[in-house]
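Read the structure below first, then the notes.
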Amino acid sequence: RKRVAVLISGRGSNMMALVEAARQPDFPGEIVAVLADKPEAAGLAFAAEAGIEGRAFPRRDYGSKAEHEAAFVAAIEAARADIVCLAGFMRLLSADFVERYRGRLINIHPSLLPKFPGLDTHGRAIAAGESEHGCTVHFVTAEMDAGPAIAQARVPVLPGDTPDSLAARVLKEEHRLYPQALATVLRGEARFESA
Ligand code: GAR
Numbered sequence: 005r006k007r008v009a010v011l012i013s014g015r016g017s018n019m020m021a022l023v024e025a026a027r028q029p030d031f032p033g034e035i036v037a038v039l040a041d042k043p044e045a046a047g048l049a050f051a052a053e054a055g056i057e058g059r060a061f062p063r064r065d066y067g068s069k070a071e072h073e074a075a076f077v078a079a080i081e082a083a084r085a086d087i088v089c090l091a092g093f094m095r096l097l098s099a100d101f102v103e104r105y106r107g108r109l110i111n112i113h114p115s116l117l118p119k120f121p122g123l124d125t126h127g128r129a130i131a132a133g134e135s136e137h138g139c140t141v142h143f144v145t146a147e148m149d150a151g152p153a154i155a156q157a158r159v160p161v162l163p164g165d166t167p168d169s170l171a172a173r174v175l176k177e178e179h180r181l182y183p184q185a186l187a188t189v190l191r192g193e194a195r196f197e198s199a
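First residue of the sequence shown: 5, per full-length UniProt numbering; consecutive thereafter.
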């Protein structure tokens with residue numbers, strides 16, 4: 005089975021969805037490390053309970069962005085991870101990092117990309133009067149939320165939706181979509197193609 009590292013910054017619910025999916029015997033990968041940029045990330049505690057090695061690398065412990073990223077690279081290599089999943093990892097990775105893991109680095113984003121890259125996607129989808137919203141799993145490129153899509157899931161935007169109610173509807177789909185999209189990458193069914 006392929007080895008997967010997951011990078012998180014907070015709650016870690018998508019990471020846990022990956023952990024749970026990978027517990028199924030037919031899943032083509034296992035989660036071997038959970039790495040965070042925040043020691044207080046709630047996901048680290050969940051990972052520990054699930055028996056998965058978690059480590060935090062706070063930005064303030066490193067002099068430069070390059071040194072900070074080098075700590076993640078060292079941990080990913082130490083875990084012998086084949087694939088790196090970003091799951092609510094709220095830090096823009098350098099072109100160097102992205103290039104190193106090209107085709108092996110994927111992210112989940114809570115919008116139907118290319119719509120609404122960046123933050124507050126749910127509030128922006130409501131404000132724009134969208135009738136549909138959703139989430140995207142994509143290969144990561146140096147440009148934020150812009151790499152080739154692997155899979156998308158759609159939900160309706162309902163009258164009276166708030167950013168929170170819409171976020172909850174999307175999150176349910178994220179938890180379903182991310183494991184499924186990761187499995188296609190692990191099986192070699194989704195590949196990064198340069199333009
Ligand atoms: C998720 O909704 C994820 O799509 C989003 O942050 C949330 C993390 O939740 N990611 C981004 O906005 C990345 N640009 P989680 O920590 O419970 O998985």
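Ideal placement from N, C-alpha and C gives every residue a C-beta, glycine not left out.
C-alpha distance - V102 paired with T145, whole-angstrom precision | Counting from one through the sequence shown, the residue named residue 102 turns up at place 98. Counting from one through the sequence shown, the residue named residue 145 turns up at place 141. V102 and T145 have their C-alpha atoms spaced approximately 6 angstroms apart.
How big is the Cα-Cα spacing for R63 and K42?
-> Position 59 of the sequence shown, counted from the first residue, corresponds to residue 63. Position 38 of the sequence shown, counted from the first residue, corresponds to residue 42. Distance between the alpha carbons of R63 and K42: 8 angstroms.
May I ask you to list the residues that DSSP assigns as paired with T166?
-> Position 162 of the sequence shown holds residue 166. When beta bridges are read from the DSSP output, T166 appears opposite no residue.
Nearest to residue 200 (by Cα), restricted to the options G107, G133 and G92 | Shown here, the chain extends from 5 to 199; a query on residue 200 therefore has no answer.
Please work out which residues of its chain come closer than 8 angstroms, Cβ to Cβ, to A199, disregarding the five sequence neighbours upstream and downstream, and give them in chain order.
-> Along the sequence shown, read from residue 1 onward, the residue named residue 199 stands at position 195. At A199, the pLDDT of 39 sits below 50, so the modelled position is not reliable and the matter cannot be decided from this model.
Give a yes or no on whether the C-beta atoms belonging to E34 and R59 are separated by under 9 angstroms.
-> In the sequence shown, the residue the question calls residue 34 occupies position 30. In the sequence shown, the residue the question calls residue 59 occupies position 55. Contact flag unset, no.
Give me whichever residues DSSP pairs with A155 in a beta bridge.
-> Taking the first residue of the sequence shown as position 1, residue 155 is located at position 151. DSSP lists V141 as partners of A155.
Regarding E134 and the ligand GAR, is the C-beta to nearest heavy atom distance less than 8 angstroms?
-> Reading the sequence shown from its first residue, position 130 is the one you call residue 134. Checking the Cβ of E134 against the ligand GAR gives no.
Which class does A199 belong to by DSSP, given the choice of helix, strand or coil?
-> Here residue 199 corresponds to residue number 195 of the sequence shown, with the count starting at 1. With a pLDDT of only 39 at A199, under the threshold of 50, the placement of this residue in the model should not be trusted; the figure read from the coordinates follows. Residue state for A199 is assigned as coil, using DSSP reduced to three classes.
May I have the straight-line CA-CA distance separating I56 from D86, to the nearest angstrom?
-> Taking the first residue of the sequence shown as 1, we reach residue 56 at position 52. Taking the first residue of the sequence shown as 1, we reach residue 86 at position 82. In a straight line, the C-alpha of I56 is about 16 angstroms away from that of D86.
Using only alpha-carbon positions, find the residue among Y182, S135 and G14 that is nearest to L170.
-> The count along the sequence shown starts at 1 and reaches residue 170 at position 166. Nearest of Y182, S135 and G14 to L170, Cα basis: S135.
Selection from L116, A155, G192 and F61 that minimises the alpha carbon distance to L11 = Locating residue 11 in the sequence shown gives position 7, where the first residue counts as 1. If you compare the alpha carbons of L116, A155, G192 and F61 with that of L11, the shortest gap goes to F61.
Taking the Cβ atom as the reference point for each residue, do L97 and E73 lie within a distance shorter than 9 angstroms?
-> Looking up residue 97 in the sequence shown gives position 93. Looking up residue 73 in the sequence shown gives position 69. Result yes, Cβ atoms of L97 and E73 sit closer than 9 angstroms.
Could you give the uninterrupted runs of the beta strand (DSSP E) lying entirely in the segment 32–72, keeping only those of 3 residues or more?
-> 33–40 and 58–60
Where does P160 sit, in a helix, a strand or coil, going by DSSP?
-> Working through the sequence shown from its first residue, we reach residue 160 at position 156. Strand.
Could you tell me the boundaries of the alpha helix (DSSP H) in which R128 lies?
-> Residue numbering aside, residue 128 sits at position 124 when the sequence shown is read from its first letter. Looking at the DSSP string, the run of the alpha helix (DSSP H) that includes R128 is T125 to A131.
Got a sec: does the ligand GAR put a non-hydrogen atom nearer than 8 angstroms to the Cβ of F93?
-> To locate residue 93, count along the sequence shown from 1; it is residue 89. Answer for F93: yes, Cβ within range of the ligand GAR.
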